[in-house]
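Asks:
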Amino acid sequence: MGRKIKWLYQCIVDAFISVAIYPFSVKFLHNEMKTLKAIVEMITGHCRLRKHHHTLGKVSEPDCRKCGMEEETAHHVVCECPAIKSIRVRLYWKPLLLPEEVMEEPLWKIARLASETELLN
Ligand SMILES: [Zn+2]
426 MGRKIKWLYQ CIVDAFISVA IYPFSVKFLH NEMKTLKAIV EMITGHCRLR
476 KHHHTLGKVS EPDCRKCGME EETAHHVVCE CPAIKSIRVR LYWKPLLLPE
526 EVMEEPLWKI ARLASETELL N
C-alpha cells in the first residue's frame, strides 16, 4: 500500500472513530460537569438546599425536606440527616460522618449522595 493510500485510509478511520465516539464523549463531559457542579455546590453550601434558599429569601422554611428535624445544609445532608442514613452507609460505610471524614473520601461520593437524594434537582 502506498504512503498516500495509507494516509487516506488512516484519515477515514480517524474520522469514523471521531464520529462514532462523539455522542459518548459529549455525554461523558456533560456528566463530568454535572458531577463537578454538585461537588462545588455541596462543599460551598451555595446550592439548591433549603438553608441557602431561605437565606436568599426564596423559601419560607430552611428545614430539611428529608427529615424535617434540622436546617437543610450541606453539612446536615452529607454528615447527619437520619433520612439519608442508608445512602451514607452505602457510600461511606458509616451512618454519621465528620466533615473531615467526608473530605478524606473521593469527592465523587458527595456528588453521588446529592444525586441520590435529589435535593439539588
Ligand atoms: Zn434531614
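Under my numbering, the residue at position 42 of the sequence shown is numbered 467, and the numbers go up by one with no gaps. Ideal placement from N, C-alpha and C gives every residue a C-beta, glycine not left out. Remember, predicted model here, so these are calculated numbers, not experimental data.
Less than 7 Å between the beta carbons of Arg473 and Leu532, yes or no?
Replies: no
Asks: I need the DSSP call for Glu496, collapsed to helix, strand or coil.
Replies: Residue state, collapsed to three classes: strand.
Asks: Relative to ligand 1, is the shortest distance from any of its heavy atoms to the C-beta of Cys506 smaller than 6 Å?
Replies: yes
Asks: Is any heavy atom in ligand 1 found nearer than 6 Å to the beta carbon of Cys489?
Replies: yes
Asks: For His477, which of Glu541, Ser443, Cys489, Thr498 has the nearest alpha-carbon?
Replies: Thr498
Asks: Would you kindly work out how many angstroms separate the C-alpha atoms of Ser485 and His479, rounded to a whole number?
Replies: 6 Å
Asks: What do you get for Met528, buried or exposed, if any count of 16 or more other CB atoms within 10 angstroms of its CB means buried?
Replies: exposed
Asks: At what residue ranges does the stretch 466–516 contain a whole run of the alpha helix (DSSP H), taking only runs of 4 or more?
Replies: 475–480
Asks: For the putative contact between Arg513 and Pro520, defined by C-beta atoms under 8 Å, what is the C-beta separation to the nearest angstrom?
Replies: Beta-carbon to beta-carbon, Arg513 and Pro520 are separated by about 6 Å, close enough to satisfy the 8 Å threshold.
Asks: Taking only three categories from DSSP, how would you classify Asn456?
Replies: If DSSP states are grouped into helix, strand and coil, Asn456 belongs with the helices.
Asks: Determine the extent of the alpha helix (DSSP H) in which Pro520 is found, giving its start and end residues.
Replies: Neither: Pro520 is in no alpha helix (DSSP H) and is coded neither H nor E.
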